[in-house]
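*Asks:* Below you'll find the structure I mean.
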Amino acid sequence: MSAHAEAMTENPMPTPRQNEESADSLLQIRDLKKRFSLSGDFLDQLRFKGGKLVRHQEYVHAINGVNLDIKRGEALCVVGESGCGKSTVARTVMGLLTPSEGEIRYDGQRIDNLSSRQLLPYRKRMQMIFQNPYASLNPRMTIQQTLEEPLRLHHPDWKRPKILEKVEEVMHSVGIDPDWGKRFGHEFSGGQRQRIAIARALAVDPEFIVADEPISALDVSIQAQVLNLLMEAQQERNLTYLFITHDLAVVEHFGTRVAVMYLGTVCEIATTATLFEKPRHPYTQALLSAIPRLKDDRPQHIRLSGEVPTPVNLPSGCVFHGRCPHANSRCKQEIPLLQTQDDGTRVACHAVEEGRL
Amino acid sequence: MALLEVNNLDVRFALRQGEVHALRDISFSLERGERLGIVGESGAGKSVAAFSLLNLISKPGFIAGGTVNFDGQVLNHMSERGLRKVRGNRISMIFQDPMMTLNPVLSIGEQMVECLKAHRRISSKEARAIALDKLQQVQIPSPETRLDQYPHELSGGMRQRIIIAIALLLDPDIIIADEPTTALDVTIQAEIMALLLDLCEQHNVGLILITHDLGVVSQVTQRMLVMYAGRVIEQGPTREIINDPQHPYTQGLINALPQMATPGEKLNQIRGSMPSLSNLPSGCAFHPRCDFINRADGQPRPACTQQVPEFVESGNCRVACHMVAEMLEDRRLKEETS
Numbered sequence: 090m091s092a093h094a095e096a097m098t099e100n101p102m103p104t105p106r107q108n109e110e111s112a113d114s115l116l117q118i119r120d121l122k123k124r125f126s127l128s129g130d131f132l133d134q135l136r137f138k139g140g141k142l143v144r145h146q147e148y149v150h151a152i153n154g155v156n157l158d159i160k161r162g163e164a165l166c167v168v169g170e171s172g173c174g175k176s177t178v179a180r181t182v183m184g185l186l187t188p189s190e191g192e193i194r195y196d197g198q199r200i201d202n203l204s205s206r207q208l209l210p211y212r213k214r215m216q217m218i219f220q221n222p223y224a225s226l227n228p229r230m231t232i233q234q235t236l237e238e239p240l241r242l243h244h245p246d247w248k249r250p251k252i253l254e255k256v257e258e259v260m261h262s263v264g265i266d267p268d269w270g271k272r273f274g275h276e277f278s279g280g281q282r283q284r285i286a287i288a289r290a291l292a293v294d295p296e297f298i299v300a301d302e303p304i305s306a307l308d309v310s311i312q313a314q315v316l317n318l319l320m321e322a323q324q325e326r327n328l329t330y331l332f333i334t335h336d337l338a339v340v341e342h343f344g345t346r347v348a349v350m351y352l353g354t355v356c357e358i359a360t361t362a363t364l365f366e367k368p369r370h371p372y373t374q375a376l377l378s379a380i381p382r383l384k385d386d387r388p389q390h391i392r393l394s395g396e397v398p399t400p401v402n403l404p405s406g407c408v409f410h411g412r413c414p415h416a417n418s419r420c421k422q423e424i425p426l427l428q429t430q431d432d433g434t435r436v437a438c439h440a441v442e443e444g445r446l
Numbered sequence: 148m149a150l151l152e153v154n155n156l157d158v159r160f161a162l163r164q165g166e167v168h169a170l171r172d173i174s175f176s177l178e179r180g181e182r183l184g185i186v187g188e189s190g191a192g193k194s195v196a197a198f199s200l201l202n203l204i205s206k207p208g209f210i211a212g213g214t215v216n217f218d219g220q221v222l223n224h225m226s227e228r229g230l231r232k233v234r235g236n237r238i239s240m241i242f243q244d245p246m247m248t249l250n251p252v253l254s255i256g257e258q259m260v261e262c263l264k265a266h267r268r269i270s271s272k273e274a275r276a277i278a279l280d281k282l283q284q285v286q287i288p289s290p291e292t293r294l295d296q297y298p299h300e301l302s303g304g305m306r307q308r309i310i311i312a313i314a315l316l317l318d319p320d321i322i323i324a325d326e327p328t329t330a331l332d333v334t335i336q337a338e339i340m341a342l343l344l345d346l347c348e349q350h351n352v353g354l355i356l357i358t359h360d361l362g363v364v365s366q367v368t369q370r371m372l373v374m375y376a377g378r379v380i381e382q383g384p385t386r387e388i389i390n391d392p393q394h395p396y397t398q399g400l401i402n403a404l405p406q407m408a409t410p411g412e413k414l415n416q417i418r419g420s421m422p423s424l425s426n427l428p429s430g431c432a433f434h435p436r437c438d439f440i441n442r443a444d445g446q447p448r449p450a451c452t453q454q455v456p457e458f459v460e461s462g463n464c465r466v467a468c469h470m471v472a473e474m475l476e477d478r479r480l481k482e483e484t485s
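Protein chains in written order, with our numbering: chain A, 90 to 446; chain B, 148 to 485.
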């Protein structure tokens with residue numbers, strides 16, 4: 090724990106909390122933006138234009154001003170289609186990517202500008218589970234080594250018997266047989282590997298877990314097993330989740346609150362029950378109506394025309410206006426902001442604001 | 148006789164470590180214009196089933212027994228030459244990944260014309276006109292410019308539309324679609340599925356839809372097969388199976404879906420995972436994961452671990468399960484005594 094206290098004092102600016110409303114937030118994301126350059130290095134960026142040498146830069150605008158608060162003990166699900174920036178949000182929160190603009194605060198402390206040494210105590214409190222369990226386990230390490238590694242790193246003072254005891258405990262808690270310890274990742278099926286990845290994340294007793302599509306690579310019957318495991322872990326350890334997924338059926342089951350993202354912006358945030366009962370944003374409505382259901386008793390789904398525009402040249406105004414059935418001239422010019430409705434839902438849509446919808 | 152009839156199809160892979168039985172005893176039929184779904188988890192053999200219909204199994208795999216009857220011909224006894232007249236012409240396929248199936252160095256138009264000219268004696272101009280017409284049918288915006296574009300210039304949804312257009316090019320009788328929307332996003336998936344459904348209905352084309360998504364199957368198909376470890380374990384009308392699944396595996400699969408549970412409650416999981424085909428459990432392949440191997444009196448049913456279950460007729464469905472067979476037998480006995 091000494092390392093943790095040290096990092097706290099080292100932090101140059103212990104910034105005060107922004108407002109009282111977010112006092113119970115574990116994680117706050119403020120005006121987060123992330124751009125990826127497409128133009129290569131400096132020399133690649135030089136072009137001749139009209140006889141002059143000009144520097145030309147192109148960016149993928151992966152996230153454009155995202156604000157999110159994650160409360161203690163909740164599971165905030167971020168949903169959206171591929172390319173909407175949901176994984177970039179997860180990776181930026183974990184410090185795997187540095188934001189281009191904006192702030193990330195964890196427990197009141199700003200973490201986006203810390204060095205990797207300063208970030209170490211936070212890494213122990215926040216852990217990540219990745220989508221593909223075939224890529225996220227080191228093929229040259231046994232399961233025992235995989236599970237010991239985070240403990241050795243975060244508890245350098247622990248003696249071997251204590252580490253072994255902890256590894257066995259965490260193996261039991263996710264339902265892995267301790268005999269598996271001697272084996273390697275490739276000897277296991279996808280579902281078993283994802284259990285190992287979850288065990289690795291839980292080994293250091295984190296309070297916050299970022300799960301980036303943890304069940305999308307798994308079969309239906311295995312998805313249920315892993316989802317149950319994540320829910321049990323949440324109840325037993327009082328975990329907070331940031332859960333990234335494209336599967337709305339999973340969100341409905343798992344999430345406390347849902348943030349719907351489209352092309353790098355959040356278009357609606359609501360509690361799960363409210364979102365599924367009364368989706369406000371036209372994109373959320375289309376997304377919900379597109380889920381194939383077993384017993385179909387809903388009206389015909391809303392068909393969106395066109396496709397998601399590229400995040401290289403963002404459309405002006407509302408990013409959704411090109412596919413929106415309710416778009417008018419204002420939508421094409423003015424970027425809508427998230428506005429709180431009377432039931433607490435926050436929607437970024439001119440049509441909702443004007444009462445047209 | 149049905150348009151396509153598959154009888155006791157048996158596919159094996161001769162591997163160094165021994166023969167793997169990838170498909171056992173698959174039988175089903177497809178009428179003209181009918182839509183059939185094949186559901187199962189990865190490794191259940193659904194893609195092998197689709198490929199074997201057109202004898203597309205490559206070595207070390209081979210069809211070890213059974214027949215595929217299509218319109219009076221036995222496809223798996225035909226020569227390569229004969230098969231080429233059926234493949235893409237009367238039965239066409241749509242694969243999962245649209246980027247893998249389109250040739251990256253040919254423009255869309257060239258690929259479509261090539262396909263038409265391989266099967267019909269027509270001029271390039273006529274072929275191009277047909278290609279354009281098909282692109283219009285799949286509702287691609289500005290189809291004429293698309294003909295001269297290359298696959299990498301198009302988005303995933305657009306590419307899948309092109310694939311559908313190519314599949315329809317020669318007015319086939321049957322389209323086999325192997326996970327056609329798995330690589331796509333939810334909203335695009337809904338669009339493509341609706342399009343495929345419309346086109347099949349319009350042209351009276353039969354569809355064999357292979358997917359792991361029970362939601363898609365229940366919305367699109369009329370009949371379905373559920374596969375587990377290389378065998379069909381339940382088959383019948385889609386509505387009946389979805390509303391009242393008989394086999395414990397089908398029940399488990401449907402109950403494991405998040406939409407079947409109360410939000411926040413535990414999901415009903417099936418324990419364990421699918422066995423590898425090279426190391427199948429004895430008897431019913433599902434018995435190590437099954438919750439119903441005990442009889443009503445609490446004793447384990449010996450047949451489950453010893454004997455591979457035969458199909459029994461239950462209403463309009465066929466189910467391969469000892470438990471279901473026993474229940475039906477009991478019911479029959481009761482009716483006889485009363």
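Quick reminder that beta carbons are idealized off the backbone N, C-alpha and C, glycines included. As the structure is a prediction and not an experimental result, all values here were calculated from the model.
So which residues of chain B does Ala379 (chain A) contact, with C-beta pairs closer than 8 Å?
*Replies:* Taking the first residue of the first sequence as 1, we reach residue 379 (chain A) at position 290. Neighbours of Ala379 (chain A) on chain B, chain order: Val333, Thr334, Gln336 and Ala337.
*Asks:* Closest by CA to Leu343 (chain B), which one among B:Arg182, B:Glu152 and B:Asn154?
*Replies:* Position 196 of the second sequence, counted from the start, is the residue given in the question as residue 343 (chain B). With distances taken between Cα atoms, Leu343 (chain B) lies closest to B:Arg182.
*Asks:* Just to confirm, is the Cβ distance from Gln284 (chain B) to Ile255 (chain B) under 8 Å?
*Replies:* As a working mapping, residue 284 (chain B) is identified with position 137 in the second sequence. As a working mapping, residue 255 (chain B) is identified with position 108 in the second sequence. In this structure, Ile255 (chain B) does not lie closer than 8 Å to Gln284 (chain B) by Cβ.
*Asks:* In this structure, what does DSSP give as the bridge partners for Gln164 (chain B)?
*Replies:* Residue 164 (chain B) sits at position 17 when you count from the first residue of the second sequence. Gln164 (chain B) is not bridged to any residue.
*Asks:* For Ala375 (chain A), which residues in chain B fall below 8 Å Cβ to Cβ?
*Replies:* Within the first sequence, the letter at position 286 stands for residue 375 (chain A). Chain-order list of chain B residues neighbouring Ala375 (chain A): Thr334, by C-beta distance under 8 Å.
*Asks:* So what's Asp325 (chain B) in DSSP terms, helix, strand or just coil?
*Replies:* For the purposes of this step, residue 325 (chain B) is taken as the residue at position 178 of the second sequence. Here Asp325 (chain B) sits in strand by DSSP.
*Asks:* Give the range of the beta strand (DSSP E) segment to which Tyr330 (chain A) is assigned.
*Replies:* Position 241 of the first sequence, counted from the start, is the residue given in the question as residue 330 (chain A). Per DSSP, Tyr330 (chain A) belongs to the beta strand (DSSP E) from Thr329 to Thr334.
*Asks:* Please name the residue or residues paired with Met350 (chain A) in a DSSP beta bridge.
*Replies:* The residue given as residue 350 (chain A) occupies position 261 in the first sequence. Partner(s): A:Val355.
*Asks:* Under 9 Å, CB to CB, which of the residues in the stretch 347-366 of chain B have a partner in chain A?
*Replies:* Look at the stretch 347-366 of chain B: the residues with a C-beta under 9 Å from a C-beta of chain A are His359, Asp360, Leu361, Gly362, Val363, Val364, Ser365 and Gln366.
*Asks:* Which residue comes first and which comes last in the alpha helix (DSSP H) that contains Met247 (chain B)?
*Replies:* If you number the second sequence from 1, residue 247 (chain B) lands on position 100. Its alpha helix (DSSP H) spans residues Pro245 to Thr248.
*Asks:* Put Phe277 (chain A) into one of helix, strand or coil per three-state DSSP.
*Replies:* Numbered from its first residue, the first sequence carries residue 277 (chain A) at position 188. Coil, per DSSP.
*Asks:* Determine, using beta carbons only, whether Lys405 (chain B) comes closer than 8 Å to chain A.
*Replies:* The residue labelled residue 405 (chain B) in the question sits at position 258 within the second sequence. Correcting the residue identity first, residue 405 (chain B) is Pro in this sequence and not Lys. Interface residue, yes.
*Asks:* Using the rule of at least 16 other Cβ atoms within 10 Å of the residue's Cβ for burial, across every protein chain shown, is Met371 (chain B) buried or exposed?
*Replies:* Locating residue 371 (chain B) in the second sequence gives position 224, counting from the first residue. Label assigned to Met371 (chain B): buried.
*Asks:* Would you call the stretch 371-379 of chain A and the stretch 329-346 of chain B touching, i.e. three or more CB-CB distances under 8 Å?
*Replies:* The stretch 371-379 of chain A makes contact with the stretch 329-346 of chain B; the number of CB pairs closer than 8 Å reaches 3 or more.
*Asks:* For Pro188 (chain A), which residues in the same chain have their Cβ closer than 7 Å to its Cβ, ignoring the five residues on either side in sequence?
*Replies:* Numbered from 1 along the first sequence, position 99 holds the residue referred to as residue 188 (chain A). In the same chain as Pro188 (chain A), and ignoring 5 residues on each side of it, the C-beta atoms closer than 7 Å to its own belong to Leu121, Lys122, Lys123, Thr181 and Asp201, in chain order.
*Asks:* For a contact defined as C-beta to C-beta under 8 Å, what are the partners of Asn415 (chain B) on chain A?
*Replies:* Here residue 415 (chain B) refers to the residue found at position 268 of the second sequence. Chain A residues near Asn415 (chain B): Ala313.
*Asks:* On the three-state DSSP scale, how would you describe Ala288 (chain A)?
*Replies:* Position 199 of the first sequence, counting from 1, holds the residue named residue 288 (chain A). Helix.
*Asks:* Tell me which residues share the same chain as Gly406 (chain A) and place their Cβ nearer than 7 Å to its Cβ, disregarding the 5 neighbours each side in the sequence.
*Replies:* On the first sequence, residue 406 (chain A) is found 317 positions in, with the first residue counted as 1. Result list for Gly406 (chain A): Cys420, Lys421, Gln422, Glu423 and Ile424, in chain order.
*Asks:* The alpha helix (DSSP H) with Asp345 (chain B) in it runs from where to where?
*Replies:* Working through the second sequence from its first residue, we reach residue 345 (chain B) at position 198. For Asp345 (chain B), the uninterrupted alpha helix (DSSP H) run begins and ends at Val333 to His350, by DSSP.
*Asks:* Residues of chain A with CB under 7 Å from Gly399 (chain B), in chain order?
*Replies:* Within the second sequence, the letter at position 252 stands for residue 399 (chain B). Think of a sphere of 7 Å around the beta carbon of Gly399 (chain B): the chain A residues whose beta carbon falls inside it are Ser310, in chain order.
*Asks:* Using 8 Å as the threshold, is the stretch 344-354 of chain A in touch with the stretch 166-179 of chain A, meaning 3 or more CB pairs across them?
*Replies:* yes
*Asks:* Determine whether the Cβ of Ser302 (chain B) lies closer than 8 Å to any Cβ atom of chain A.
*Replies:* In the second sequence, the residue the question calls residue 302 (chain B) occupies position 155. Closer than 8 Å to some Cβ of chain A, the Cβ of Ser302 (chain B) qualifies, so yes.
*Asks:* Looking only at its own chain, which residues have a Cβ that is under 6 Å from the Cβ of Ala449 (chain A), when we skip the five neighbours before and after it?
*Replies:* An answer regarding residue 449 (chain A) cannot be provided, because it is not within the stretch 90 to 446 covered by chain A.
*Asks:* Check whether the Cβ atoms of Ser420 (chain B) and Ile311 (chain A) lie closer than 8 Å to each other.
*Replies:* Along the second sequence, read from residue 1 onward, the residue named residue 420 (chain B) stands at position 273. Along the first sequence, read from residue 1 onward, the residue named residue 311 (chain A) stands at position 222. Result yes, Cβ atoms of Ser420 (chain B) and Ile311 (chain A) sit closer than 8 Å.
*Asks:* Do Lys413 (chain B) and Met183 (chain A) count as a contact pair if the criterion is CB distance below 8 Å?
*Replies:* Residue 183 (chain A) sits at position 94 when you count from the first residue of the first sequence. Residue 413 (chain B) sits at position 266 when you count from the first residue of the second sequence. No, the pair does not count as a contact, with Cβ atoms beyond the cut-off.
*Asks:* Report the rounded CA-to-CA distance for Val373 (chain B) versus Ile380 (chain B), giving the unit in angstroms.
*Replies:* Start at 1 with the first residue of the second sequence, and residue 373 (chain B) comes out as number 226. Start at 1 with the first residue of the second sequence, and residue 380 (chain B) comes out as number 233. Taking the straight line from one Cα to the other gives about 6 Å.
*Asks:* Does any C-beta atom of chain A lie closer than 8 Å to the C-beta of Pro384 (chain B)?
*Replies:* Residue mapping note: residue 384 (chain B) aligns to position 237 of the second sequence, counting from 1. It does not; no Cβ of chain A falls within 8 Å.
*Asks:* When burial is assigned at 16 or more other CB atoms within 10 Å of the CB, is Gly208 (chain B) buried or exposed?
*Replies:* Here residue 208 (chain B) refers to the residue found at position 61 when the second sequence is read from its first residue. Gly208 (chain B) comes out buried.
*Asks:* If you measure beta-carbon to beta-carbon, which residues of the stretch 320-344 of chain A are closer than 9 Å to chain B?
*Replies:* Met320, Glu321, His335, Asp336, Leu337, Ala338, Val339, Val340, Glu341, His342, Phe343 and Gly344
*Asks:* Are the C-beta of Pro490 (chain B) and some C-beta of chain A separated by less than 8 Å?
*Replies:* An answer regarding residue 490 (chain B) cannot be provided, because it is not within the stretch 148 to 485 covered by chain B.
*Asks:* Using three-state DSSP, classify Gly229 (chain B) as helix, strand or coil.
*Replies:* As a first step, residue 229 (chain B) must be located in the second sequence, where it is residue number 82. Under the three-state reduction of DSSP output, Gly229 (chain B) falls in the helix class.
*Asks:* Is the Cβ of Pro435 (chain B) closer than 8 Å to any Cβ of chain A?
*Replies:* Reading the second sequence from its first residue, position 288 is the one you call residue 435 (chain B). No, its Cβ sits nowhere closer than 8 Å to a Cβ of chain A.
*Asks:* Taking C-beta to C-beta, are Ala169 (chain B) and Ile185 (chain B) nearer than 8 Å?
*Replies:* To locate residue 169 (chain B), count along the second sequence from 1; it is residue 22. To locate residue 185 (chain B), count along the second sequence from 1; it is residue 38. Result no, Cβ atoms of Ala169 (chain B) and Ile185 (chain B) do not sit closer than 8 Å.
*Asks:* Does the beta-carbon of Gly303 (chain B), which I'm using as the reference point, lie nearer than 7 Å to any heavy atom of the ligand GDP?
*Replies:* Among the ligands in the structure shown, none appear at all, so the ligand GDP cannot be discussed.
*Asks:* Decide yes or no for the touch test of the stretch 211-221 of chain B against the stretch 291-305 of chain B: beta carbon pairs closer than 8 Å, at least 3 of them.
*Replies:* no
*Asks:* May I have a chain-ordered list of the alpha helix (DSSP H) segments no shorter than 4 residues that lie completely inside the stretch 233-295 of chain B?
*Replies:* Inside the stretch 233-295 of chain B, DSSP marks whole alpha helix (DSSP H) runs of 4 or more residues at positions 245-248, 255-266, 271-284 and 290-294, from first to last along the chain.
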